[in-house]
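All remarks here apply to the structure that follows.
Numbering (our numbering), first residue to last: 63 to 178.
Here it is, written out as structure tokens:
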């Protein structure tokens, strides 16, 4: 006798970006929010269980290669193929700071920002 086990899954299909999704990072504090970066030069912020992005942050001039939340999930840092890093204030939904100077792609970031 063959026993087959199946697991019920709750899948959601989401239209994340106009082009390919290049990166994703799940917030560690809550485990329920995540950020995606894409070829469309945007950073999208999502909440698990919701079918649409809760924020779409535009301002990069080249595709977004990497994203990372700070420990409080109030800021996202995103790196692009053009070598620019942007710190996004999620409460204001705008760029808090732009860091330039890299000569090539920013392919990995890790946020170690302390909130005051």
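Where a beta carbon is used, it is the ideal one built from N, C-alpha and C, also for glycine. The structure presented is a predicted model; accordingly, all values stated were derived computationally and were not measured.
Kindly examine the ligand SAH and report whether one of its heavy atoms sits closer than 7 Å to the Cβ of residue i.
i: residue 135; result: With respect to the ligand SAH, the structure shown offers nothing to examine, as it has no ligands at all.
If you measure between the beta carbons of residue i and residue j, is that distance less than 8 Å?
i: residue 115; j: residue 101; result: no
i: residue 131; j: residue 173; result: yes
i: residue 180; j: residue 92; result: There is no way to answer for residue 180, as the model of the chain reaches only from 63 to 178.
i: residue 160; j: residue 146; result: yes
Assuming residue i contacts residue j under a Cβ cut-off of 8 Å, what Cβ separation, rounded to an integer in Å, is found between them?
i: residue 129; j: residue 105; result: 6 Å
i: residue 126; j: residue 84; result: 6 Å
Can you have a look at residue i and say buried or exposed, based on whether 16 or more other CB atoms are within 10 angstroms of its CB?
i: residue 68; result: The pLDDT assigned to residue 68 is 43, lower than 50, so where the model puts this residue is not dependable, and the model offers no usable value.
i: residue 88; result: exposed
i: residue 97; result: buried
Would you call the stretch 103 to 123 and the stretch 161 to 168 in contact, with 3 or more CB pairs under 8 Å? For the pair of segments examined, the stretch 103 to 123 was found not to touch the stretch 161 to 168: the number of CB pairs separated by less than 8 Å stays below three.
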